[in-house]
Every structure is written in C-alpha cells, then in structure tokens.
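Numbering-wise (this note's numbering), the sequence shown opens with residue 200 and increments by one.
Working notes, structure below.
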Amino acid sequence: MTATTYGMGAETPPFRESPWSGESATAAAAFWGWHKALASPKAPALDGADLAFFFDSQAEAIRGGRKPDLVEDVIWLPLSKFAKDDRVRSLLAEQIAGARTLVRPTVSFDTRGSLQEFMDGYVAPHAMLLASLCGASRDFQRPRISAIGEALFLQSRLVCTPDDLEAGRNYFVKQELDELAIDERDIVASPPSEAVRKLVWRRIVWIRDALARGMPLAEEIPRPIARYLKHVVMLSLEVLAQIERDDFDIGRFEPGLSKYHRAQAWIQSRFGRTAWH
Numbered sequence: 200m201t202a203t204t205y206g207m208g209a210e211t212p213p214f215r216e217s218p219w220s221g222e223s224a225t226a227a228a229a230f231w232g233w234h235k236a237l238a239s240p241k242a243p244a245l246d247g248a249d250l251a252f253f254f255d256s257q258a259e260a261i262r263g264g265r266k267p268d269l270v271e272d273v274i275w276l277p278l279s280k281f282a283k284d285d286r287v288r289s290l291l292a293e294q295i296a297g298a299r300t301l302v303r304p305t306v307s308f309d310t311r312g313s314l315q316e317f318m319d320g321y322v323a324p325h326a327m328l329l330a331s332l333c334g335a336s337r338d339f340q341r342p343r344i345s346a347i348g349e350a351l352f353l354q355s356r357l358v359c360t361p362d363d364l365e366a367g368r369n370y371f372v373k374q375e376l377d378e379l380a381i382d383e384r385d386i387v388a389s390p391p392s393e394a395v396r397k398l399v400w401r402r403i404v405w406i407r408d409a410l411a412r413g414m415p416l417a418e419e420i421p422r423p424i425a426r427y428l429k430h431v432v433m434l435s436l437e438v439l440a441q442i443e444r445d446d447f448d449i450g451r452f453e454p455g456l457s458k459y460h461r462a463q464a465w466i467q468s469r470f471g472r473t474a475w476h
C-alpha cells in the first residue's frame with residue numbers, strides 16, 4: 200500500500216488509469232507520477248530556514264518551467280509536456296510546498312487544522328490537475344474538487360494505517376489522540392479499544408462529510424466522468440461500511456470488496472438515491 204494509494208486500498212487509485220483516454224490518459228499518468236514522487240521527496244540534508252529555502256526554490260523552478268531537483272528525469276520529462284501553462288505550473292508548485300511536510304523522518308499533525316492545511320497544499324492541487332482533464336478546474340469549483348480529493352486521501356490513509364505507522368507517518372491528529380488517551384501503538388491493536396473505535400468512527404464521519412461536500416461536482420462535469428465519480432464514491436462508502444462491520448478494527452482490516460459489493464456499488468451509483476441528494 201503506497202502513500203499515494205487513493206480510496207480502494209492497494210488497487211489502482213481512482214482517476215489514475217480510469218476514466219481517461221488518449222492525451223488525457225498521458226497527462227493523468229504524468230500528474231500521478233509527480234504526486235507519487237513528492238510523497239517521498241528527495242531533498243538535501245538541511246533543516247530549518249535552509250530546508251524552507253530549498254523547497255521555495257524548487258517551487259520557483261517549477262513556476263518558471265524548469266525541472267526541480269526534487270524529482271528524476273523520468274518523472275519530469277513526461278510532465279514537462281503538460282507544464283507549459285501557468286495554471287498547471289502553479290498547481291504543481293503548490294504540491295511542492297505541501298510535500299515539505301513529507302520530507303521529515305516522522306510525519307504527524309498536532310491538530311485537525313494542520314492536517315487540513317497539509318491536504319490543501321498537497322492533495323487539493325493534485326485533484327485540481329486531474330479535474331482539469333475534464334474541464335473542471337475553475338476557481339469556484341475548487342472547494343468541491345478539493346473535498347473529493349480530501350475524502351479519498353483520508354480513506355486511503357485510514358485503510359493503510361498499519362503501514363503508515365510503521366513508516367513513521369501518523370495521520371491521526373495528536374490533539375484527538377490526547378483527548379481520547381490513545382497511544383500510537385493502540386491504534387492498530389486488535390481488537391480495538393472503545394477509544395480507538397471512537398477515533399476511527401470520527402475519521403469515517405469526516406470522510407463521508409467530505410464526499411457529501413464534493414459530490415455536487417458530478418452535476419458540473421461530462422456525464423461519463425460523472426458516472427465514474429459516482430461509482431468511485433459508492434465504492435468508497437462501501438469500504439467505510441466494511442470497516443464499521445469489522446467493528447472499526449483497522450489493525451487487521453484487509454481492503455478489498457467482493458464482486459457482490461462492487462456490483463451493488465455500480466447499481467447504486469446509477470440508479471440509487473445517495474447521501475448527497
């Protein structure tokens with residue numbers, strides 16, 4: 200499970216291979232390659248103001264259309280084809296600022312606000328780039344696009360919690376862990392304590408709320424993309440329901456849906472009434 204797995208566990212992230220074709224598919228692959236590379240940014244052994252200056256210089260390079268040192272040629276060359284537009288370069292540069300957090304040996308967040316700020320810098324501009332492939336990249340659409348990205352990112356981190364913690368990354372905020380008197384090791388203990396079940400339930404509520412905030416976007420994009428978006432959301436909701444059925448035990452949770460649940464999500468996405476209506 201990689202740091203950029205979105206939504207469905209270890210499977211191909213939504214909006215990486217589907218629903219794109221032709222030039223859009225090439226662009227999506229380039230945007231995902233960039234985003235994934237920044238999940239483990241290559242930076243010199245600096246700290247404090249020196250490290251901040253390095254990341255600022257990298258963002259400035261991309262805004263000027265130059266290759267940043269953070270990524271290899273294999274990432275930059277396919278991306279440079281689509282980085283000729285100022286708007287695209289600005290969104291790529293935003294991700295560099297967001298990824299500054301991920302260069303630390305350990306990654307954690309003190310408050311929900313600090314986690315939200317990280318996602319606004321790292322996840323939201325990536326979602327905007329993908330949305331631009333179907334003509335949905337206007338500023339007034341950003342809150343809805345960002346909310347979808349936020350939800351899928353939080354869900355991916357939820358199902359990958361054991362791997363994240365092992366890698367020194369904790370996406371549950373310290374303020375909440377302290378409030379519930381949860382030690383980091385308790386999060387993946389099986390069976391979970393009542394406090395951990397409450398922690399995971401709160402995260403599921405956050406994800407569902409973000410999906411609801413984002414789904415009006417389905418009325419603003421081409422119908423085939425909207426159908427795919429609805430299908431992804433229904434699959435995501437089913438994964439969350441599966442976690443609930445497993446008594447919020449994310450320490451032993453195995454992401455993956457049966458053919459029955461996938462078919463159910465497909466039918467619901469086309470014919471069912473949904474929570475965002």
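For glycine and all other residues, C-beta sits at the position ideal for the given N, C-alpha and C.
ask   = With 16 as the cutoff for other CB atoms within 10 Å, does residue 273 come out buried or exposed?
value = Taking the first residue of the sequence shown as 1, we reach residue 273 at position 74. Label assigned to residue 273: exposed.
ask   = Just curious, the alpha helix (DSSP H) that residue 366 is in, first and last residue?
value = Here the question's residue 366 lines up with position 167 in the sequence shown. That residue, residue 366, is in no alpha helix (DSSP H); it is neither H nor E in DSSP.
Straight-line Cα distance separating residue 318 from residue 285 = Position 86 of the sequence shown, counting from 1, holds the residue named residue 285. Position 119 of the sequence shown, counting from 1, holds the residue named residue 318. Whole-angstrom Cα-Cα distance: 22 Å.
message = By the DSSP assignment, the alpha helix (DSSP H) with residue 302 in it spans what residues?
response = For the purposes of this step, residue 302 is taken as the residue at position 103 of the sequence shown. Counted as a single uninterrupted DSSP element, the stretch harbouring residue 302 is not any alpha helix (DSSP H), since DSSP gives it neither H nor E.
query = Name the DSSP beta bridge partners of residue 273, please?
reply = On the sequence shown, position 74 is the one that residue 273 refers to. Looking at the DSSP assignment, residue 273 forms no beta bridge with any residue, so it has no partner.
Run of the alpha helix (DSSP H) containing residue 401, from where it starts to where it stops = Working through the sequence shown from its first residue, we reach residue 401 at position 202. For residue 401, the uninterrupted alpha helix (DSSP H) segment begins and ends at 393-413.
query = Alpha carbon to alpha carbon, what distance is there between residue 374 and residue 414?
reply = If you number the sequence shown from 1, residue 414 lands on position 215. If you number the sequence shown from 1, residue 374 lands on position 175. Near 29 Å, if we compare the C-alpha coordinates of residue 374 and residue 414.
key: First and last residue of the uninterrupted alpha helix (DSSP H) at residue 339   = Working through the sequence shown from its first residue, we reach residue 339 at position 140. It is not in any alpha helix (DSSP H) - residue 339 carries neither H nor E in the DSSP assignment.
ask   = With DSSP run on the structure shown, which of helix, strand or coil describes residue 431?
value = The count along the sequence shown starts at 1 and reaches residue 431 at position 232. It is helical.
inquiry  = For residue 440, tell me which candidate among 354, 235 and 305 has the shortest Cα-Cα distance.
reply    = Residue numbering aside, residue 440 sits at position 241 when the sequence shown is read from its first letter. Of 354, 235 and 305, the residue nearest in Cα terms is 354.
Boundaries (first-last residue) of the alpha helix (DSSP H) holding residue 239 = Residue 239 sits at position 40 when you count from the first residue of the sequence shown. Neither: residue 239 is in no alpha helix (DSSP H) and is coded neither H nor E.
message = Tell me the residue span of the alpha helix (DSSP H) that contains residue 282.
response = Walking along the sequence shown from the start, residue 282 turns up at place 83. First-last for residue 282: undefined, no H or E at that position.
query = When the Cβ atoms of the region 442-451 are set against those of the region 388-396, are three or more pairs found closer than 8 Å?
reply = yes
message = Please classify residue 428 as buried or exposed, where buried requires at least 16 other C-beta atoms within 10 Å of its C-beta.
response = The residue you call residue 428 lines up with position 229 of the sequence shown. By the neighbour-count definition (other C-beta atoms within 10 Å, threshold 16), residue 428 is a buried residue.
query = Can you list, in chain order, the residues of its chain whose CB lies under 6 Å from that of residue 328, leaving out five sequence neighbours each side?
reply = By 1-based counting over the sequence shown, the position of residue 328 is 129. Once the five neighbours on either side are set aside, the close Cβ partners of residue 328 are 230 and 290.
query = Which one or two residues does DSSP pair with residue 306 in a beta bridge?
reply = Along the sequence shown, read from residue 1 onward, the residue named residue 306 stands at position 107. DSSP lists 368 as partners of residue 306.
query = Taking DSSP as the reference, what is the three-state secondary structure of residue 379?
reply = Position 180 of the sequence shown, counted from the first residue, corresponds to residue 379. Three-state DSSP puts residue 379 in coil, outside helix and strand.
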